[in-house]
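Going by numbering that gives the first Met the number 0, 29 is the number at position 30 of the sequence shown; the sequence numbering is gapless. Where is the CB? At the ideal position from N, CA and C, for every residue including glycine.
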Amino acid sequence: MADNLVIVESAAKVNTISRFLGKNYKVEASIGHVRDLPKSQLGVDTANNYEPKYITIRGKGELLQKLRKDVKNAKCVYLATDPDREGEAISWHLYHALKLQEKKVCRITFNEITEQAVKEAIKHPRDINTDLVDAQQARRVLDRLVGYEISPILWKKVRKGLSAGRVQSVTLRLISDRDKQIREFVEEEYWSITANLQQGKGKTFEAKLDTYKNEKCDINNEEEAKKIVKACKKGHFQVVSSKKGTRVKNTVLPFTTSTLQQEAAKHLGFSTQKTMNIAQQLYEGIKVGKKEVGVVTYIRTDSIRIADKAKEEATTYITQKYGEQYLGAKKQIEKAKKAHIQDAHEAIRPTYMEYEPNEIKEYLSRDQFRLYQLIWNRFVASQMAPAQYETYSIKVQNGDYEFKASYSIELFDGFIKVYNLGEEKAKKEAKFQVEEGEQLVCGSIIPNQHFTQPPAHFSEATLVKTLEENGVGRPSTYAPTITTLLARGYIVKESKILYMTELGEVVNQIMKEYFDEVVDVDFTANMERILDEIASGNVEWKEIIKSFYPHFHHTVEYAESQIENIDLTEHTDIPCEKCGTHMVVRYGKYGKFLGCPNFPECNGTKPWYEETGISCPECNGKILMKKTKKGRSYYGCEHNGEGCEFMSWDKPTGEKCPICGEALIEKGNSKNKKIVCRNSKCNYGKQNKN
0 MADNLVIVES AAKVNTISRF LGKNYKVEAS IGHVRDLPKS QLGVDTANNY
50 EPKYITIRGK GELLQKLRKD VKNAKCVYLA TDPDREGEAI SWHLYHALKL
100 QEKKVCRITF NEITEQAVKE AIKHPRDINT DLVDAQQARR VLDRLVGYEI
150 SPILWKKVRK GLSAGRVQSV TLRLISDRDK QIREFVEEEY WSITANLQQG
200 KGKTFEAKLD TYKNEKCDIN NEEEAKKIVK ACKKGHFQVV SSKKGTRVKN
250 TVLPFTTSTL QQEAAKHLGF STQKTMNIAQ QLYEGIKVGK KEVGVVTYIR
300 TDSIRIADKA KEEATTYITQ KYGEQYLGAK KQIEKAKKAH IQDAHEAIRP
350 TYMEYEPNEI KEYLSRDQFR LYQLIWNRFV ASQMAPAQYE TYSIKVQNGD
400 YEFKASYSIE LFDGFIKVYN LGEEKAKKEA KFQVEEGEQL VCGSIIPNQH
450 FTQPPAHFSE ATLVKTLEEN GVGRPSTYAP TITTLLARGY IVKESKILYM
500 TELGEVVNQI MKEYFDEVVD VDFTANMERI LDEIASGNVE WKEIIKSFYP
550 HFHHTVEYAE SQIENIDLTE HTDIPCEKCG THMVVRYGKY GKFLGCPNFP
600 ECNGTKPWYE ETGISCPECN GKILMKKTKK GRSYYGCEHN GEGCEFMSWD
650 KPTGEKCPIC GEALIEKGNS KNKKIVCRNS KCNYGKQNKN
């Protein structure tokens with residue numbers, strides 16, 4: 000019988016770690032948390048120093064009984080849960096649930112599931128870090144207080160099944176604010192001028208107008224552009240400066256949880272949840288041949304540190320495969336770490352350099368292979384030399400106007416040989432060098448019209464980047480937060496882009512009006528910094544709850560008394576096609592729809608349209624506000640599908656553009672409303688008046 004009991008989180012690790020440790024160690028799994036706050040009640044005694052009430056999670060009773068029997072037969076219990084705050088809290092809960100006070104207990108952590116890492120952890124056990132546990136308790140209690148006190152208000156005032164959360168609601172606000180910026184954005188016209196210049200009979204190159212009388216040259220309309228073109232055609236182009244230099248493109252850093260989620264979304268099309276699920280599989284173990292192998296290191300990290308041994312193995316691999324010239328500097332300079340970064344473990348990297356992606360491709364699913372290859376290439380590239388370019392910068396004078404040209408030639412591809420992803424294209428231009436004072440021939444000078452662009456809608460990748468930049472949540476919370484917002488129907492995803500739904504706007508408006516502090520980005524980021532202070536042992540966790548809850552609870556009581564019930568059911572005179580009863584406006588996951596009031600006896604439904612009082616500019620029919628299948632609002636003609644195809648994301652005025660005849664639409668907010676042409680190539684209403 001084994002003398003030692005090792006408890007890990009995931010059952011997928013059990014066989015692999017058992018093989019590493021041998022017969023003297025019995026390895027069992029807790030399958031995640033074993034205790035938590037109760038679901039049916041607040042679970043925090045606000046009258047008794049905010050003491051949390053932990054209970055055994057439903058379904059874990061038998062597992063705990065089995066573990067207690069194993070504990071009795073063991074001389075030493077090793078708690079080997081994941082190396083983060085969550086894992087530390089799970090070990091702490093196991094300690095109390097299994098009544099380990101009379102046992103020899105060792106807390107061990109490892110960043111990778113390899114024999115060396117596991118055995119090294121066994122040699123260097125420690126006590127449970129109660130500071131990390133307290134930081135996790137503080138987060139859990141804060142989230143419980145916010146969620147369990149605000150969510151019932153949404154149930155009463157809006158509808159059942161809604162929820163609010165500390166990080167979730169801030170994320171929703173960020174998405175709403177971005178959508179509002181886009182809706183209210185008014186594009187403005189500007190122009191650029193490009194001259195095609197030639198050195199004698201040599202190769203032509205492009206130079207763009209940069210300054211006028213040493214000041215930045217802003218061209219606001221076609222008239223100004225034509226005036227400048229006319230003046231330049233009369234003048235002469237002369238080189239006033241020609242500089243040759245070099246540029247270095249720095250090596251990419253290895254993956255953190257956040258950057259892995261961003262790159263997997265961008266290049267593989269994975270959702271954040273899918274990325275984390277597949278990465279977890281790669282970490283816990285893949286069956287390679289006859290044995291389970293964890294092929295990547297721990298996946299929940301915001302550290303970019305790499306172990307010395309891993310660096311040495313990467314050095315050998317790069318030298319043998321690509322040559323010494325591709326080897327990065329021995330002491331890689333890392334970006335300054337932000338204050339909120341936890342450097343408890345390493346960046347995400349392959350655990351074994353002998354398992355090249357193509358070597359184990361047959362053992363991986365298609366998506367596992369693609370993600371593993373991304374992690375592999377990123378890590379190898381992070382240990383390689385920078386890319387180098389030869390740069391040319393030319394300034395050309397024509398009277399008071401100065402034009403600029405620049406281009407670069409790749410001298411050495413460096414890390415881009417491994418990690419390019421199509422972003423850095425090799426420059427193919429032939430070298431050319433002009434001399435100061437040299438006269439150039441102008442083949443043509445072309446004015447180009449442009450319009451300013453609104454900020455882009457969030458994708459999962461750009462949302463994760465924004466959350467990280469603002470210090471909202473932790474990388475491990477991004478995937479479940481986005482998943483919750485989608486599941487609640489607050490946002491929808493169309494072609495990888497995230498959009499607010501009407502339901503999301505209703506909830507966000509309530510949160511902003513009555514719980515502004517909770518959804519404030521700076522407040523939430525500051526709370527993350529405080530949690531870090533708790534983890535460092537500098538702050539007592541219950542003091543944070545004491546300073547937050549009384550004011551918050553008062554706000555909840557005030558909000559409950561002030562918020563009026565939002566009746567999302569409206570009666571109409573439209574008959575149900577199945578039973579003839581007048582239909583009502585109901586509220587579904589993606590917004591409003593017409594439903595029969597006799598449901599469930601009658602399940603008649605129809606799409607809901609709102610009349611705008613505007614005539615269609617194409618057929619004179621009624622313009623209706625409609626919804627896409629996923630809940631986005633748009634404006635369409637009542638005769639859509641019956642001969643008229645008019646639709647617009649922006650509200651039309653019912654009038655036509657006097658220049659091109661296209662429909663006019665409203666842009667901007669109520670204070671800065673602007674009527675512009677729907678045709679992006681027409682500049683009616685878009686002229687910059689400054």
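* To do: Using DSSP bridges, identify the partner residues of Tyr24.
  => Asn3
* Asked: Nearest-angstrom Cα distance between Ile149 and Arg165?
  -> 10 angstroms
* Whose C-alpha, out of Arg299, Lys233, Ala306 and Phe414, is nearest the C-alpha of Gly398? -> Lys233
* Asked: Ends of the beta strand (DSSP E) at Val140?
  -> Not the beta strand (DSSP E): Val140 falls in the alpha helix (DSSP H), residues Thr129 to Lys156.
* To do: Taking Arg246 as part of the beta strand (DSSP E), name the residues at either end of that continuous run.
  => Phe236 to Lys248
* To do: State yes or no: is the C-beta of Glu85 within less than 8 angstroms of the C-beta of Gln135?
  => yes
* Between the beta-carbon of Tyr49 and the beta-carbon of Arg34, is there less than 8 angstroms? -> no
* **Start and end residues, beta strand (DSSP E) containing Met499** => Ile496 to Met499
* **Whole-angstrom distance between Leu497 and Val471, CA atom to CA atom** => 18 angstroms
* Under the rule that 16 or more other beta-carbon atoms within 10 Å means buried, what is Glu87, buried or exposed? -> buried
* Can you tell which of Val440, Thr627, Cys105 and Gly620 has its C-alpha closest to the C-alpha of Glu641? -> Gly620
* Taking 8 angstroms as the cut-off, decide whether the C-beta atoms of Arg125 and Arg143 are in contact. => no
* Asked: Using the beta-carbon count (16 or more within 10 Å), is Thr15 buried or exposed?
  -> buried
* Asked: Secondary structure at Val505, three-state DSSP: helix, strand or coil?
  -> helix
* Asked: By a C-beta neighbour count over all protein chains shown, 10 Å radius and 16 as the cutoff for buried, is Met526 buried or exposed?
  -> buried
* To do: Mind checking who Trp190 pairs with in its DSSP beta bridge?
  => Ile218 and Gln448
* **Length at least 4, wholly inside the stretch 535-623: the alpha helix (DSSP H) runs in chain order** => 540-561
* Taking the C-alpha atoms as reference points, what is the distance between Gln198 and Val433? -> 7 angstroms
* To which residues does DSSP link Ser405 through a beta bridge? -> Ser392
* Run of the beta strand (DSSP E) containing Ile674, from where it starts to where it stops -> Lys673 to Cys676
* **Under 8 angstroms between C-beta atoms of Leu93 and Ser29** => yes
* Gly653 to Tyr371, Cα distance in whole Å? -> 54 angstroms
* To do: Using the Cα positions of His553 and Met510, report the straight-line distance between them to the nearest angstrom.
  => 15 angstroms
* Asked: With distances taken from CA atoms, which of Thr350, Cys676, Ala478 and His32 is nearest Ser458?
  -> Ala478
* **Which of helix, strand or coil DSSP assigns to Gln53** => Checking the displayed sequence, the identity of residue 53 turns out to be Tyr instead of Gln. In the structure shown, Tyr53 sits in coil (DSSP, three-state: anything other than H, G, I, E or B).
* **Residue nearest to Tyr316 in terms of C-alpha spacing, selected from Lys103, Val287, Gly293 and Met352** => Met352
* At least three beta-carbon pairs within less than 8 angstroms, the stretch 442-453 to the stretch 181-189 -> yes
* Asked: What alpha helix (DSSP H) runs, 4 residues minimum, are completely inside the stretch 354-393?
  -> 365-381
* With DSSP collapsed to three states, give me the class of Glu665. => strand
* Thinking just about the alpha-carbon of each residue, which of Thr465, Lys495 and Phe551 is nearest to the one in His266? -> Lys495
* To do: Could you spell out the range, first to last residue, of the alpha helix (DSSP H) harbouring Leu484?
  => Pro474 to Arg487
* Count the other CB atoms within 10 Å of the CB of Leu410; is the residue buried (16 or more) or exposed (fewer)? -> exposed
* Asked: Run through DSSP, which three-state label would Met646 get?
  -> strand
* For Ile56, I'd like the list of residues in its chain whose CB is within less than 8 angstroms of its CB, leaving aside the five on either flank, ordered along the chain. => His32, Val33, Arg34 and Asp35
* Asked: So, helix, strand or coil for Leu439, using DSSP?
  -> strand
* Residue span of the alpha helix (DSSP H) that contains Gly60, given as start and end -> Gly60 to Lys71
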